[in-house]
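Below is one structure, written out as structure tokens, with a few remarks after it.
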Amino acid sequence: MAVDWAELGVGQALPALPENQTAERFQLLIESVKDYAIFILNPDGRVSTWNPGAERIKGYSAQEIIGQHFSVFYPPEVDAAEKCRLELEIAARDGRFEEEGFRIRKDGSRFWANVTITALKDRRGRLVGFAKVTQDLTARRAAEDETRRFRLLVESVKDYAIFILDPAGVVTSWNPGAERIKGYTSTEIIGKHFSTFYPAEAIAEGKCERELEIAIQEGRFEEEGWRLRKDGSQFWANVTITPLRDPADTLLGFAKVTRDLTQRREAEASRQLLAEQSAALAEKARIQEFQERFLAILGHDLRNPLASIDMGIGILRQQSENEDAARILTRMQSSSRRMTRMIEQILDLTRSRLAGGLELDLRSLDLQETLSRIVDEMRSAYPTRPINFFAPSVRILGDQDRLEQVFSNLIGNALAHGDPSTPVTVHARVADDVSVAIHNRGEPIPPDVQAKIFDPFRRGERESRTSKTVGLGLGLYISWEIIRGHCGSIEIDSDAERGTTFRVKLPLEKHLRA
Amino acid sequence: MITTASTHTVLIVEDEEDLRELMRHALQMRGYRVVTAAEGTEALRKIDDIGPPCVVLLDLLMPGMNGWDFFEKLRQRPELASVPVIVHSSAAARAPQGVTRVLQKPLAFETLVSVVGEYCSN
Chain X
1071 MAVDWAELGV
1081 GQALPALPEN
1091 QTAERFQLLI
1101 ESVKDYAIFI
1111 LNPDGRVSTW
1121 NPGAERIKGY
1131 SAQEIIGQHF
1141 SVFYPPEVDA
1151 AEKCRLELEI
1161 AARDGRFEEE
1171 GFRIRKDGSR
1181 FWANVTITAL
1191 KDRRGRLVGF
1201 AKVTQDLTAR
1211 RAAEDETRRF
1221 RLLVESVKDY
1231 AIFILDPAGV
1241 VTSWNPGAER
1251 IKGYTSTEII
1261 GKHFSTFYPA
1271 EAIAEGKCER
1281 ELEIAIQEGR
1291 FEEEGWRLRK
1301 DGSQFWANVT
1311 ITPLRDPADT
1321 LLGFAKVTRD
1331 LTQRREAEAS
1341 RQLLAEQSAA
1351 LAEKARIQEF
1361 QERFLAILGH
1371 DLRNPLASID
1381 MGIGILRQQS
1391 ENEDAARILT
1401 RMQSSSRRMT
1411 RMIEQILDLT
1421 RSRLAGGLEL
1431 DLRSLDLQET
1441 LSRIVDEMRS
1451 AYPTRPINFF
1461 APSVRILGDQ
1471 DRLEQVFSNL
1481 IGNALAHGDP
1491 STPVTVHARV
1501 ADDVSVAIHN
1511 RGEPIPPDVQ
1521 AKIFDPFRRG
1531 ERESRTSKTV
1541 GLGLGLYISW
1551 EIIRGHCGSI
1561 EIDSDAERGT
1571 TFRVKLPLEK
1581 HLRA
Chain H
968 MITTASTHTV
978 LIVEDEEDLR
988 ELMRHALQMR
998 GYRVVTAAEG
1008 TEALRKIDDI
1018 GPPCVVLLDL
1028 LMPGMNGWDF
1038 FEKLRQRPEL
1048 ASVPVIVHSS
1058 AAARAPQGVT
1068 RVLQKPLAFE
1078 TLVSVVGEYC
1088 SN
């Protein structure tokens, strides 16, 4: 259908051409436009012209649509008849109506349209119809939506600092995550160079420039490292810098995403520490198990065959009347008992060194009774040797067997090493504590030996392997450990003039109980 | 089942065979009747066969029923509750409460004979 554009006044703006010619050209223009649907509605809203743009955007051919009411372009949720009436009313009244909204294509699909309806009046001002121009803005709207959603995303993210740098590295945008992580508000930081976030030594090394350089060359820069907050504190950051380019590949700036991994790093460190600690515990348990097994072997498995040997020797001695055999059996027996004592000493050493110390069964004891029992035993073991003994009756808190072991060791040593022509003295006295001095005359103990006399496996010159004493060099060490377990001490004093004195000091029971 | 106490039967409960046989030999030499067992279950069976002994010489660390469990079972039986039990062990310090006597291994022949002599007649 042809339109009388001249009748509508179109072309008045182009006075250089005769009116009919102008209208003709205008018709041509409309026919060639493909990006806009341009058509005319008659005053009651029926389509009366249709251009190729309209056909492309709405899908109808001219034949299909001319004569139909323009309400067919509206989606079903809209009261199309009422809306169309209103739009035309506004256009008629104000000369123009414009909106953006969804419209429907012939195939039922939706598109986002910019719609302009212009009232067409003749020279006398009578309404002759409406020009309707519709633009399909679906793609633009999608892009706008995308941008809006993206901005919303960036602005709602609190766990990541997301911001933009210009090509020189100056901050141009700032999100709440950046404010939370780095401590700056957007007004404080926008316009500042991003080196603000780096420790001084990193800036001096040219780290900032290098990072942007790498991002430009490789399309991306990523690292983990220390960064600074506004308050000067450091945090462990994961940083990504991505260059931003326009379609013509011009560098617009950089997107920088920073995560605070301090907590993760600390969690990793504590996890590692925990793993190390549990490995150490497992190792400790393994060592303890080994120690227990070792103690069981010493204490049980080695003693059983010795018990058999002892028993066998005892039986044979009963049966044998041959003197040579009896002498041999005596030597076998003394060796077997020596072996037994050495096992006891190794057990004590192991307990004191490895298994958490010697176990003591502390009870209230009378010192005099304990000492006199040992002195009596020593007197019968050394019948030719005088022992001068004096001890007051006083209560101490001690392990009977262990204290007997200590005094037996010290008095035995004095008898074994002292001058046989002089007596050994065992003299106890009570003051703030209990002190038991065991003294012998004879060759003194050299100072260098004295210094190490309580060390395990020490063997002074006086104690060679041929010595009468039991030969592991553990006796004094174990005695010292036992007395230490009683909160006491052992001191040594030895020179040629005064002889040798071992002095055992033990706390009084009343002091320990107080 | 014999329940009368024997005045000269000694029960040795000991897993170490050499020691067990030497102890048997030592006590038999002195005229005692000796019954042996390598662990607690066997010892309880022997008691069922022979009746209560005059004394039990008891090792503690044994495979099978150990000395602690054996002692508990023995004391639960009224007819055996008064049988003297002498612990003879390398773990003497851990002997159960209520045993008659505790002897640390190794034990000399003379000690064995004199201790048994206190409870039994040969």
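Top line first, the protein sequences correspond to chains X and H. For the first sequence, the working numbering begins at 1071 and goes up steadily by one. For the second sequence, the working numbering begins at 968 and goes up steadily by one. Heads up, the beta-carbon is just placed ideally off N, CA and C, and yes, glycines get one too.
Query, Result
"Neighbour list for aspartate 1380 (chain X) in chain B, Cβ cutoff strictly below 8 Å", "Among the chains of the structure shown, chain B does not appear; the protein chains present are X and H."
"Arginine 1194 (chain X), buried or exposed, once every other Cβ within 10 Å from all chains shown has been counted against 16", "exposed"
"N- and C-terminal bounds of the beta strand (DSSP E) containing aspartate 1062 (chain X)", "Examination of residue 1062 (chain X) is not possible in this model, given that chain X is present from 1071 through 1584 alone."
"Rounded C-alpha distance that separates isoleucine 1063 (chain X) from phenylalanine 1076 (chain H)", "Within the shown structure, residues of chain X are numbered from 1071 to 1584, placing residue 1063 (chain X) beyond reach of any answer."
"First and last residue of the uninterrupted alpha helix (DSSP H) at lysine 1277 (chain X)", "1277 to 1288"
"Proximity of isoleucine 1481 (chain X) and valine 1496 (chain X) at Cβ, strictly below 8 Å", "yes"
"For phenylalanine 1364 (chain X), the first and last residue of its enclosing beta strand (DSSP E)", "No beta strand (DSSP E) holds phenylalanine 1364 (chain X); the alpha helix (DSSP H) holding it covers 1332 to 1366."
"Cutoff 8 Å: histidine 1556 (chain X) Cβ touching any chain H Cβ", "no"
"Contacts of alanine 993 (chain H) in chain X (Cβ-Cβ under 7 Å)", "Met1381, Gly1384 and Ile1385"
"Whole-number beta carbon distance between arginine 991 (chain H) and valine 980 (chain H), since they are thought to touch under 8 Å", "Not a contact, Cβ separation roughly 12 Å."
"Neighbour flag for phenylalanine 989 (chain H) against chain X, beta carbons, 8 Å", "It should be pointed out that residue 989 (chain H) corresponds to leucine in this sequence rather than to phenylalanine. For leucine 989 (chain H), the answer is yes, since a Cβ of chain X falls inside 8 Å of its Cβ."
"Partners in chain H for asparagine 1479 (chain X), counting only beta-carbon separations shorter than 9 Å", "Ordered by position in chain H, no residue passes the 9 Å Cβ test against asparagine 1479 (chain X), which lies about 18 Å from the chain."
"Residues bridged to tyrosine 1230 (chain X) (per DSSP)", "X:Arg1329"
"Euclidean distance between Cα positions of alanine 1183 (chain X) and phenylalanine 1324 (chain X)", "35 Å"
"Where asparagine 1510 (chain X) falls, given that 16 or more other Cβ within 10 Å makes a residue buried", "buried"
"Residue environment, glutamate 1533 (chain X), which counts as buried when at least 16 other CB atoms sit within 10 Å", "Any reading at glutamate 1533 (chain X) needs caution, since the residue's pLDDT is 47, under 50, leaving its predicted position unreliable; the model's value is listed next. The residue is buried, with at least 16 neighbouring Cβ atoms inside 10 Å."
"Collapsed DSSP secondary structure at glutamate 1170 (chain X) in the structure displayed", "strand"
"Simplified DSSP assignment, three categories, for alanine 1248 (chain X)", "helix"
"Opening and closing residue of the alpha helix (DSSP H) in which phenylalanine 951 (chain H) lies", "Absent from the structure is residue 951 (chain H), since the part of chain H shown begins at 968 and ends at 1089."
"Valine 1054 (chain H) vs valine 1069 (chain H) beta-carbon contact at 8 Å", "yes"
"C-alpha distance - glutamine 1388 (chain X) paired with leucine 1027 (chain H), whole-angstrom precision", "28 Å"
"Partner residues on chain X for glutamate 983 (chain H), Cβ-Cβ distance less than 9 Å", "Asn1374, Pro1375, Ala1377 and Ser1378"
"Candidates X:Asp1114, X:Met1381 and X:Arg1196: closest to proline 1073 (chain H) by CA position", "X:Met1381"
"Same chain, Cβ closer than 8 Å to lysine 1300 (chain X), five either side skipped, listed in chain order", "Lys1252, Gly1253, Tyr1254 and Glu1258"
"Buried or exposed (CB count within 10 angstroms, at least 16 for buried), proline 1517 (chain X)", "exposed"
"Cβ neighbours of valine 1198 (chain X) in the same chain (closer than 6 Å, five flanking residues each side left out)", "Leu1190 and Asp1192"
"Reference phenylalanine 1527 (chain X), options X:Ile1515, X:Leu1111 and X:Leu1542, closest by Cα", "X:Leu1542"
"Under the three-state DSSP convention, the category glutamate 1533 (chain X) falls into", "In this predicted model, glutamate 1533 (chain X) has a pLDDT of only 47, less than 50, meaning its place in the structure is not dependable; the value taken from the coordinates is given anyway. Glutamate 1533 (chain X): coil per DSSP, three-state reduction."
"One or two residues paired with serine 1056 (chain H) in a DSSP bridge", "H:Gln1071"
"Distance CB(arginine 1297 (chain X))-CB(threonine 1328 (chain X)) smaller than 8 Å", "yes"
"N- and C-terminal bounds of the beta strand (DSSP E) containing tryptophan 1306 (chain X)", "1304 to 1315"
"Closer than 8 Å to chain H by CB, histidine 1370 (chain X)", "yes"
"Expected contact under 8 Å - CB spacing of valine 1050 (chain H) and proline 1020 (chain H) to nearest Å", "6 Å"
"Contiguous alpha helix (DSSP H) assignments of at least 4 residues, all confined to the stretch 991 to 1027 of chain H", "1007 to 1017"
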